[in-house]
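Residue numbers (my numbering): 1338 to 1553.
Every residue gets a Cβ at the ideal spot worked out from N, C-alpha and C, and that includes glycine.
Quantities reported herein were computed from a predicted structural model and do not represent experimental measurements.
Report on the structure given below.
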Amino acid sequence: MIVTILDKKDSLLNKFISEIRDVSIQKDSMRFRKNIERIGEILAYELSQSLEYQSKVVTTPLGTKIVQVPKNDIVLCSILRAGLPLHNGLLNYFDDAENAFISAYRKHINDTEFEIKVEYFASPSLEGKTLILADPMLATGQSIISVFEGLKNHGTPKEIYLACVIGSTQAIELIKKHFPSTTKLWIATVDNKLNDKGYIIPGLGDAGDLAFGEKL
């Protein structure tokens, strides 16, 4: 797996990351969603540089110009519900992509153990296409692995990109074992620890709750 961590270089991205982490700022759920969306746009721009391109002749009011445009047939897949703001950010840039949505949630066995339940799928064929799988929080890595296993029933992508906001080093090492070696992970920032409940430390908390409110 090819891993690109975006906050290793200074950019405006770091301001958005700091705000989604900040306990005082993240109380504003609208701003939290917007910052996740902005990070999605940055992830889209960065990973777009590794897509395939082809020449296109564009006619302007005063002449013509040859430009390079992406040729990939993209399917953008997000994990409900936390993935929706990230999906919007990616879709702002990949506005002609097909879309897939999948639900995945933790069903707790006890305070520290859980299993991933995947119950809802809506996806076009992935056969021969570029799959961008978006998940804001790559904590244990189990959710994105479960989703990928489910997606295999929809065809074999030509290439796979993973777009994430915050991940743990443990999750990255785990998913390397379950995704093709050619998979490219684009992630805004990485933390080194998980707590005993499988949440990223220092992380930011529960992205779904922060974006859309607490659940029962």
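Residue i - partner residues in DSSP beta bridges
i	result
Gln1391	Val1406
Leu1468	Val1412 and Ile1497
Glu1458	Here residue 1458 is Phe; the residue named in the question, Glu, does not match the sequence. BP columns for Phe1458 point to Ile1439.
Val1502	None; Val1502 has no bridge partner.
Val1527	Gly1504
Lys1521	Ile1339 and Tyr1498
Ile1537	Leu1531
Leu1421	Beta-bridge pairing links Leu1421 to no other residue.
Reduced DSSP category for residue i - H, G, I as helix; E, B as strand; rest coil
i	result
Asn1532	coil
Met1474	strand
Val1412	strand
Val1360	coil
Phe1555	Nothing can be reported for residue 1555: it is not among the residues displayed for the chain, which extend from 1338 to 1553.
Ser1440	strand
Gly1400	strand
Leu1349	coil
Phe1369	helix
Gly1377	helix
Asp1344	helix
Contact under 8 angstroms by Cβ, residue i with residue j
i	j	result
Asn1406	Gln1391	What sits at residue 1406 in the sequence shown is Val, not Asn. It is a contact, given that the beta carbons lie within the stated cut-off.
Asp1344	Ile1357	no
Leu1468	Val1412	yes
Ala1523	Ala1544	The amino acid at residue 1523 is misidentified as Ala; the sequence shows Trp. Contact: no.
Gly1420	Ala1381	no
Pick from the options that is closest to residue i, judged by C-alpha positions
i	options	result
Asn1409	Ala1434, Ile1482 and Glu1551	Ala1434
Thr1477	Val1527, Arg1418 and Leu1380	Val1527
Leu1463	His1424, Cys1414 and Arg1375	Cys1414
Asp1546	Leu1349, Ser1348, Gln1363 and Pro1461	Gln1363
Exposure of residue i, with buried meaning 16 or more beta-carbon neighbours within 10 Å
i	result
Met1367	exposed
Thr1401	exposed
Pro1422	buried
Gly1504	buried
Glu1551	exposed
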